[in-house]
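Undergrad: So that we are looking at the same thing, I have put the structure below in C-alpha cells.
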Amino acid sequence: MRVGEIEVLAVHDGVARMPITDTDFFSMAPEAWEPHRQFLSADGEHLELVLGGFLVRSGDRLALVDCGFGPMERPPFRGGALLTSLAAHGVQPADITDVLFTHLHFDHVGWATQKGEVVFPNATYRCHEGDWGHFVGPDAGATRKLAPLTERMAFWSGSGPLLPGLDVMVAPGHTPGSTIMVLSSGAERAMLLGDVVHCPIQLLDDEWAGISDVDPALAKRTRNALARELEGSGVPVAGAHFEGMHFGRLLVAEGKRRWVV
Ligand SMILES: [Zn+2]
C-alpha cells in the first residue's frame, strides 16, 4: 500500500477467532449477523480479528503503529509472529524509529516490551497521554508491560501533526485516548483506525455495538461521525483488526453504505 511517498505494510502477529455467540465480546443476536456474513469466517460462526501492526515508512522515519498481542496464547487471542513478519519486510527491531500506539489495550502493546526489556531499542514510543493515565498505574497488566517504557515515552494530547506525513486524530470512546493515524502525501490520504472500528460492519450499521469500549456511548458517537466523514470520500482506511489487514473504502449507493476492499 502506498500513500503518495509513504509506504504502508501490514505486520502480522496472530489472530483472535471469536465466536459470535461469545457474550464477553458481542451483544448482537445471531440473526443480526446474517446480512453481514461476508465478514465472518467460512463456518459463519466466528469473527476473526487479525492481530499485528502497520509499518509506516515516511521520509527518514520507520514507524510501527501498534505492536500486536505478543508471543503467547490466551484464547481466543494467539500471537507471536510480529518479529518474523518484520524480518520478512527486511526490518529489524533496531530499525524502528517510532512505535505509535492507537491505544493501550493488551492486543496492541504485546511486543512493546518482553520480560521487562524494551523490544525496539532505538524507538521513541508514543501514545495519547489520556491512555497512559488510564492504563499505566490503574491496570496491573498494562503497567507490567508498559512501565519499562516510562523514560522513552512521548505523548500527544490533541489532534495534529506528529511525524512527517502522519497526523494524529483523537477519536475517544473505545479508550480515553483512542487515536486514528492520518497519513497524507501530496493529494493522497489514508487512515489507520486502530480499534475505533473493529470490523467494517460498524461503519455500515450505526447501531452495531462496539467491542470492549471503555465509554460505549462516546465510542458510538465517534464511530458514527467517522462513518459520515468517510462515506463517499474515497479515503482508504484499515482498522487494526480488519480481515487480512486490508484497506477498504466506504461507498454510498442508493442511500446505502457499502464496504469495498
Ligand atoms: Zn484491539
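The sequence shown begins at 332 in this note's numbering and counts up by one. The beta-carbon is built from N, C-alpha and C at its ideal position, and this holds for glycine as well.
Going by DSSP in three states, ALA347 sits in which element: helix, strand or coil?
TA: Reduced to three states, the DSSP call for ALA347 is strand.
Undergrad: Return the bridge partner residues of GLN445 from the DSSP annotation.
TA: GLN445 pairs with GLU448.
Undergrad: Please classify LYS587 as buried or exposed, where buried requires at least 16 neighbouring CB atoms within 10 angstroms.
TA: Exposed, because fewer than 16 other Cβ atoms sit within 10 Å of the Cβ of LYS587.
Undergrad: Touch check for the stretch 335-349 and the stretch 400-416: three-plus C-beta pairs under 8 angstroms?
TA: Yes, the stretch 335-349 touches the stretch 400-416.
Undergrad: Would the beta-carbon of ALA550 be found less than 7 angstroms away from any heavy atom of ligand 1?
TA: Checking the Cβ of ALA550 against ligand 1 gives no.
Undergrad: Among residues of its own chain, excluding the 5 on either side of LEU535, which ones have a beta-carbon nearer than 7 angstroms to its beta-carbon?
TA: Correct list, in chain order: ARG588 and TRP590.
Undergrad: In the DSSP assignment, the alpha helix (DSSP H) including THR510 goes from what residue to what residue?
TA: It is not in any alpha helix (DSSP H) - THR510 instead sits in the beta strand (DSSP E) that spans 510-516.
Undergrad: Where does THR415 sit, in a helix, a strand or coil, going by DSSP?
TA: Helix.
Undergrad: For VAL450, which residues from the same chain have a beta carbon less than 7 angstroms from its beta carbon, with the 5 sequence-adjacent residues on both sides left out?
TA: Contacts found: PRO424, TRP442, ALA443 and THR444.
Undergrad: Taking 7 angstroms as the cut-off, is the CB of ALA571 close to at least one heavy atom of ligand 1?
TA: For ligand 1, at least one heavy atom lies less than 7 angstroms from the Cβ of ALA571.
Undergrad: Using 10 angstroms around the beta-carbon of GLN369, count the other beta-carbons present and answer buried if the total reaches 16, otherwise exposed.
TA: When all chains shown are included, GLN369 counts as exposed.
Undergrad: Quick check: SER516 and ILE337, are their CB atoms within less than 8 angstroms of each other?
TA: Yes.
Undergrad: Bridge partners for ARG483 per DSSP, in chain order?
TA: Its beta-bridge partners do not exist; DSSP assigns none.
Undergrad: Just reading off the beta strand (DSSP E) that PRO492 is part of, what are its end residues?
TA: 491-494 is the extent of the beta strand (DSSP E) around PRO492.
Undergrad: Given PRO402, which residues of its chain have a CB within under 6 angstroms of its CB, disregarding the five upstream and five downstream residues?
TA: Excluding residues within five positions, the ones whose Cβ falls inside 6 angstroms are GLY411.
Undergrad: Under 8 angstroms, with one C-beta from each stretch per pair, do the stretch 379-390 and the stretch 571-579 reach the 3-pair mark?
TA: Counting Cβ pairs under 8 angstroms, three or more are found: they touch.
Undergrad: Entirely within the stretch 547-591 and at least 4 residues each: give me those alpha helix (DSSP H) ranges in chain order.
TA: Counting only runs of 4 or more, we get 547-561.
Undergrad: Below 7 angstroms, is the gap between the Cβ of ASP275 and the nearest heavy atom of ligand 1?
TA: Outside the shown range of the chain (332 to 592) lies residue 275, about which nothing can therefore be said.
Undergrad: Using the Cβ count rule (16 or more neighbours within 10 Å means buried), how would you classify ASP429?
TA: So ASP429 ends up on the buried side.
Undergrad: Name the DSSP bridge partner or partners of MET522?
TA: MET522 is bridged to VAL513 and VAL568.
Undergrad: Sorry if obvious, but does the Cβ on ASP438 come closer than 7 angstroms to a heavy atom of ligand 1?
TA: Because some heavy atom of ligand 1 lies under 7 angstroms away, the Cβ of ASP438 counts as near it: yes.
Undergrad: How many Å lie between ALA558 and THR506 at the Cα?
TA: Going from the Cα of ALA558 to the Cα of THR506 covers about 18 angstroms.
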